[in-house]
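Q:
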Amino acid sequence: MRIARALAAGAAGVLLVAAPLAAAPGPPAPQPRITEERLQSALDRLDTDIAAAMKHTGVPGVAVAVVHRDEVVHLKGYGVRTAGEPARIGADTVFQIASLSKPVSSTVVAGSLAQPGDWDRHLDLPGFALKEPWVSAHVTTADLFSHRSGLPDHAGDLLEDLGYDQAYILDHLRLEPLAPFRASYAYTNFGLTAAAEAVARARGTDWAELSEDVLFGPAGMTRTGTTYEDYTAQPDRAALHVKGAGGAWVPRFTRDPDAQAPAGGVSSTAGDLARWMRLQLAGGVLDGKRVIDADTLARTHVPQIVSQPPATPAARTGFYGLGWNVGYDDLGRLRLSHSGAFDLGANTNVTLLPLEQLGIVVLTNGAPVGLADAVALTFTDTATYGRPTADWLAVAGALYAQQDRAARSPTDYAHPPVPAAPARPDSAYTGTYDNPYYGALTVTSADGKGLVLSLGPKPLRFPLTHYDGDTFSFETTGENAVGRTGVTFSPDGRTVRVEYLDTEHLGTFTRR
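Numbering-wise, the sequence shown is residues -23 to -1, 1 to 489 according to mature numbering (1 follows the signal peptide of the UniProt record, and there is no 0).
1. Under a Cβ-count criterion, where at least 16 other Cβ atoms within 10 Å of its own Cβ denotes burial, should P234 be classed as buried or exposed?
2. Could you name the residues that DSSP lists as bridge partners for N302?
3. Just to confirm the assignment: which complete alpha helix (DSSP H) runs, minimum length 4, are found wholly within the region 135 to 211?
4. Under three-state DSSP, which class holds A106?
5. Below 8 Å on the Cβ atoms is my guess for A400 versus G446; work out the distance and round it to an integer in Å.
6. So, with DSSP's three-state summary, where would you put residue 491?
7. Identify the residues that DSSP records as bridge partners of E48: which are they?
8. Are the CB atoms of L192 and V85 within a distance shorter than 7 Å?
9. Indicate the three-state DSSP secondary structure (helix, strand or coil) for G(-11) in the structure shown.
10. Which class does Y444 belong to by DSSP, given the choice of helix, strand or coil?
11. Rounded to a whole number of angstroms, what is the C-alpha to C-alpha distance between Y145 and D130?
12. Taking the alpha-carbon positions, what's the Y477 to K108 distance?
13. Would L348 and V36 qualify as a contact pair, given that the criterion is a beta-carbon distance under 7 Å?
14. Name, in chain order, the residues that DSSP records as bridge partners for T487.
15. My assumption, with CB atoms under 8 Å, is that T325 sits in contact with F122. Please give the rounded CB distance.
16. Under 7 Å, do G248 and A68 count as touching if we go by C-beta distance?
17. Please go through the same chain and pick out, in chain order, the residues whose beta-carbon is closer than 7 Å to the beta-carbon of E48, but skip the five residues on each side of it.
18. State the start and end residues of the unbroken beta strand (DSSP E) segment that holds A417.
19. Can you name, in chain order, every residue of its own chain whose Cβ lies under 7 Å from the Cβ of G221, other than the five neighbours on each side?
20. Under 7 Å, do L258 and G317 count as touching if we go by C-beta distance?
21. Determine the direct distance from the alpha carbon of E189 to that of W96, and round the result to whole angstroms.
22. If you follow the alpha helix (DSSP H) that G248 is part of, which residue opens it and which one closes it?
23. Under a Cβ-count criterion, where at least 16 other Cβ atoms within 10 Å of its own Cβ denotes burial, should Q17 be classed as buried or exposed?
24. With DSSP run on the structure shown, which of helix, strand or coil describes Y55?
25. Could you give the distance in angstroms between the alpha-carbon of L354 and the alpha-carbon of G425?
26. Check the C-beta distance from A345 over to D320 and give it rounded, since I have them as a contact under 8 Å.
27. Does the separation of the CB atoms of A238 and W184 fall below 7 Å?
28. Which residue's Cα is closest to the Cα of L139: G455, L100, P396?
Listed below in structure tokens is the structure:
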């Protein structure tokens, strides 16, 4: 699943941080900068900025909450829950929040641990291991929540797309190659999921119950859940939308993220997340009651790994904490943020400025085009500097588009070479091919109408289109769809390689 791949300092390694208007030497300690006048100016333009962004992008629905000094100073919905229908977005409309689930889940873990040092404990989870036994025996909750385990970028996401469940995916991560442990960063939904599930198991419960008992119940987050059923059971919920033919937004897909619930499966409202932001900014206290231990929560805000090395000597470094992107401005002020994105139809952003006691969350029901990130960045810029420092909608939209293009094959399978080498008879390709990671792949002949490739436990069926010689292609589907991908059979008929499954050299299947 490509969650916030462009803006969560995840697969792209890109973290958008608003830049100050002019560099200045920092004082010995960071000092608040946001004045009441600047904050009010930022609040006054929110409606206009959101309306302009919705008009420019066409995204059907948005919900926004802003908190400042433990008060909700803005809470509002915009647009509609489903395109073409009259039901409006409100403060209590439930959205799928995608990777914004990660800082919510790190809050749950912080509330489950007895002391900050417990983040550094190794917890066993049956069925989960990494390729190197020593790493498997030493990897900690903090390692997996900060994406420094050595697992490759988005490891396991393609298995989820093919229909495999959480148990299968976590079991097969042991086949993924590892980068240097604790010295490399790669954004992995299922690594974080494994850690969260291990914490729940150590507490003698499951992740959904733990989240409710530790955070959602005590914090009064009454419309927040971790399962797809929690989301679909809500009558006031926002549908997912993607751009259809002609650029119109349509509710074409559904997205069940239960396999990676701690990393991407939370659904919530602007109102509930306003309560969560207040808790975060108050060190675990909400409405005068201690909900999460201050020290275990504070640990989530500390850099654990470099996620974005500076591109130039004057650029700032981006870090990842425990479920949070962690950054600092030129005056040393902490900025916490996270984006979430489902390519099947959702985009979210949360940004906190702890020193200023200011936070904003933006939820949308459209595939990522940069609106959620742009609204948050424009607001925090205006509150901090008096005006935006960039056209953030253009910047964020361009980054998401760049990531989409980068994921596609360099080969244009829609246009075979002329002349193309002919394929062999269908019988040269039909049969069952095995792969220890992806399972069985079957190629059948559709009664003289061409070849069909089947993958996954269901399985999913993909008609093959001939490209050149022993190479065919099919249109990928699901959260991680990359357009057309190549399928190349070896000349001796013993193997077949599926291009988009082969990023980590795991995509070759052997004929039975």
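From the three backbone atoms N, C-alpha and C, an ideal C-beta is built for every residue, glycine too.
A: With the given structure in hand:
1. buried
2. Y297, S314
3. 143 to 149, 166 to 179, 184 to 188, 205 to 209
4. coil
5. 7 Å
6. The requested residue 491 does not occur in the structure, where the chain is confined to residues -23 to 489.
7. H45
8. yes
9. Legend: pLDDT at G(-11) = 32, less than 50; position of this residue unreliable, value from coordinates given subsequently. Of the three classes helix, strand and coil, the one that applies to G(-11) here is coil, per DSSP.
10. strand
11. 18 Å
12. 22 Å
13. yes
14. D411, T472
15. Not a contact, Cβ separation roughly 19 Å.
16. yes
17. none
18. 416 to 422
19. V227, R229
20. no
21. 20 Å
22. 247 to 258
23. exposed
24. strand
25. 55 Å
26. At residue 345 the sequence reads Pro, which differs from the Ala that was named. Right, the Cβ-Cβ distance comes to about 7 Å (below 8 Å), so this counts as a contact.
27. yes
28. G455
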